[in-house]
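Down below is the structure, laid out as C-alpha cells.
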Amino acid sequence: MKLHVFFILSFIFILFSCSNKVESIDVKSLKTPCECAEAAEIVINEQINIREETFGKEFKDLDTSKLMPRVRSYKKKEREIIKHCAGKLAIGKCPEWVKIQKKLSERNQEIDKKAQEEALKKVSN
C-alpha cells in the first residue's frame with residue numbers, strides 16, 4: 003500500500019510540479035479523481051491569475067494580443083478536463099477537492115474585496 007501511494011504521489015509530482023503550466027497538462031494521462039482535481043486547480047489558478055493581472059485596468063489598456071490567447075487556452079484545457087474527468091474520475095470524488103475549492107474561493111473573494119474597496123474609494127472621492 004505504501005509503495006502504491008508513493009508511486010501515485012511521484013506521478014502527481016512529476017506531472018504537475020515541474021511546470022505548473024496549463025499547457026503541460028496531459029489530460030488523457032489523468033487516471034484518478036485527485037489527478038483531475040489537481041489539473042483543475044492548476045487551470046483555475048491560472049484563470050484567477052489573469053483576473054488579478056487585469057484587476058483595476060481599463061480594457062483599452064490591456065494587451066489583448068497576449069491576454070486573449072491565454073484565456074482561450076485555459077478555457078480549452080478546462081473543457082478537456084471536464085469532459086475527460088466525468089463519471090468515475092469526477093473531481094468531487096477526490097477527498098482533497100473541498101480544500102482545493104476553499105482555497106480557490108478565498109483567492110476569488112480577496113479579488114472581490116479589493117474591487118469593492120476600489121469602488122468605494124471612487125464613489126467617496
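Residue 3 is where the sequence shown starts when you use this note's numbering, and the numbers rise one by one after that.
The C-beta atom is built at its ideal place from N, Cα and C for all residues, glycine as well.
These figures come from a predicted structure and were not determined experimentally.
Quiz item: In its own chain, which residues sit with a C-beta less than 7 angstroms from the C-beta of residue 80, not counting the 5 before and 5 after it?
Solution: On the sequence shown, residue 80 is found 78 positions in, with the first residue counted as 1. Cβ within range, chain order: 45.
Quiz item: Are there 16 or more other CB atoms within 10 angstroms of the CB of residue 97, so buried, or fewer, so exposed?
Solution: Here residue 97 corresponds to residue number 95 of the sequence shown, with the count starting at 1. Label assigned to residue 97: exposed.
Self-check item: Inter-residue spacing [alpha-carbon to alpha-carbon] between residue 111 and residue 104
Solution: Your numbering for residue 111 matches position 109 in the sequence shown. Your numbering for residue 104 matches position 102 in the sequence shown. C-alpha separation (whole angstroms): 10 angstroms.
Quiz item: Can you tell me whether DSSP reads residue 88 as helix, strand or coil?
Solution: Taking the first residue of the sequence shown as position 1, residue 88 is located at position 86. Residue state, collapsed to three classes: coil.
Practice problem: Taking the CB atoms as reference points, tell me whether residue 102 and residue 54 lie closer together than 8 angstroms. | Solution: To locate residue 102, count along the sequence shown from 1; it is residue 100. To locate residue 54, count along the sequence shown from 1; it is residue 52. Not a contact, by the Cβ cut-off of 8 angstroms.
Practice problem: Any chance you could list the alpha helix (DSSP H) runs of at least 4 consecutive residues sitting entirely within the stretch 50-110, in chain order? | Solution: With a minimum length of 4 residues, the continuous alpha helix (DSSP H) runs that stay inside the stretch 50-110 are 66-86.
Exercise. Let me know if residue 123 comes out buried or exposed under the rule of 16 or more other beta-carbons within 10 Å of its beta-carbon.
Key: Walking along the sequence shown from the start, residue 123 turns up at place 121. Classification for residue 123: exposed.
Quiz item: Taking C-beta to C-beta, are residue 25 and residue 67 nearer than 8 angstroms?
Solution: One-based indexing of the sequence shown puts residue 25 at position 23. One-based indexing of the sequence shown puts residue 67 at position 65. If you check the CB distance, residue 25 and residue 67 do not come in under 8 angstroms.
Quiz prompt | Same chain only: Cβ atoms within 8 angstroms of residue 86, ignoring 5 sequence neighbours per side | solution = Here residue 86 corresponds to residue number 84 of the sequence shown, with the count starting at 1. Annotation for residue 86: 29, 30, 32 and 38 place their beta carbon closer than 8 angstroms to its own, counting only its chain and skipping 5 residues before and after.
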